[in-house]
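If you want the numbering used here, it's the position in the sequence shown, counting the first as 1, plus 11.
Let me begin by presenting the structure, written as structure tokens, before commenting on it.
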Amino acid sequence: MSLYELLHDCFKTVSNGRLPSVYLLKQTVSKALGFAIIAAACIVKIPQILKISKNNSAHGLSLLSFELEQLALSIHGSYGFILGLPFSAYGEAIVLILQNSFLLAQIYILSKAPVWRPFLAISLFGTALTCISTGMVTPALIRIVYDLNNGIVLAARLPQIYQNFVSKSTGQLSGTVYMANFLGCIARIFTTLQDGGGYAMVRGFLLGLLLNGTLVCQVLLYGNKAAPTKKAN
């Protein structure tokens with residue numbers, strides 16, 4: 012049911028002098044939360060984009076982390092689309108892919124990455140879209156891939172966490188982005204359980220909760236202090 016239909020049923024029940032059922036309330040809250048998350052996702056990476064643009068620097072950002080995040084988001088969006096889940100259950104992945112693509116372009120340019128790297132990323136992304144749009148990726152296959160996605164999520168965040176730990180600095184990393192991701196994971200655990208996304212998605216959001224929480228703690232602890240320089244012997 013759409014959010015409009017759920018809200019209509021709630022109002023209709025209340026107007027008849029009865030309270031909506033727990034099931035109806037949970038479905039309505041879940042659907043509303045889902046769209047709220049998508050709306051928030053439309054701007055969640057803007058602070059990071061603006062911070063890079065303002066300082067004209069990608070210092071402290073792990074390119075590998077952002078590339079792996081793009082892969083994880085692509086799998087997440089594909090999972091929801093292929094299994095026919097409500098758009099409110101996975102729509103944020105689509106808007107985050109668009110924003111992350113812009114971020115990657117910034118980092119590729121400012122870090123002077125070799126030309127083959129963005130070319131390879133674009134080629135792989137285009138190939139994946141072709142396979143999905145032509146029906147080559149089956150529901151059974153995407154379930155297997157999604158189970159592997161937790162490993163990708165882990166690999167996407169660990170390089171950044173390790174880099175922050177070693178340098179004792181978070182550079183141009185935006186704490187606002189990861190705080191939003193942290194809160195989004197909490198909400199998504201609830202909506203996934205209500206929308207039937209499966210325990211694979213729940214495990215993924217629990218892992219995201221832990222990793223994004225770690226990054227938020229690092230931003231609060233280290234800030235954007237310059238990395239210590241080694242003294243010459």
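Idealized CB from N, CA, C, for every residue including glycine.
Note on geometry: alpha-carbon atoms of Asn-192 and Phe-136 lie some 23 Å from one another.
In chain order, Leu-72, Ser-73, Ser-76, Leu-184 and Leu-226 place their CB closer than 8 Å to the CB of Gln-171, counting only its own chain and leaving out the 5 sequence neighbours on each side. Cβ-Cβ distances below 7 Å link Gly-234 to Thr-181 in the same chain, with the five nearest sequence neighbours on each side left out; the list follows chain order.
Here the alpha carbons of Ala-69 and Lys-56 stand approximately 14 Å from one another.
Only exposed fits Met-147, as fewer than 16 other CB atoms lie within 10 angstroms of its CB. Glu-16 sits away from Ile-49, with the two beta carbons spaced by 8 Å or more. A Cβ-Cβ distance of about 5 Å is found for the pair Leu-44 and Thr-202, placing them in contact under the 8 Å criterion. One thing to note: Tyr-157 has its Cβ no nearer than 8 Å to the Cβ of Ala-198.
If you look at Asn-27, you'll find it isn't in any alpha helix (DSSP H); DSSP assigns it neither H nor E.
Here DSSP, grouped into helix, strand and coil, assigns Leu-36 to helix.
A distance below 8 Å separates the beta carbons of Val-164 and Gly-219. DSSP places Gln-183 in the coil class of the three-state scheme, outside both helix and strand.
Annotation: His-70 is outside any alpha helix (DSSP H) and is labelled neither H nor E by DSSP.
Of Thr-138, Val-126, Asn-111 and Gly-195, the smallest CA-CA separation from Ala-167 is found for Asn-111.
By the Cβ-count criterion, Asn-27 is exposed, with fewer than 16 other Cβ atoms from all chains shown falling within 10 Å of its own Cβ. Look at Gly-45 here: in three-state DSSP terms it is helix.
A straight-line Cα-Cα distance of about 14 Å links Ile-93 and Ile-105. Between Ala-100 and Gly-91, the C-beta gap is smaller than 8 Å, which places the two residues in contact. Taking a C-beta distance under 8 Å as the contact criterion, Leu-114 and Ile-54 do not qualify as a contact pair.
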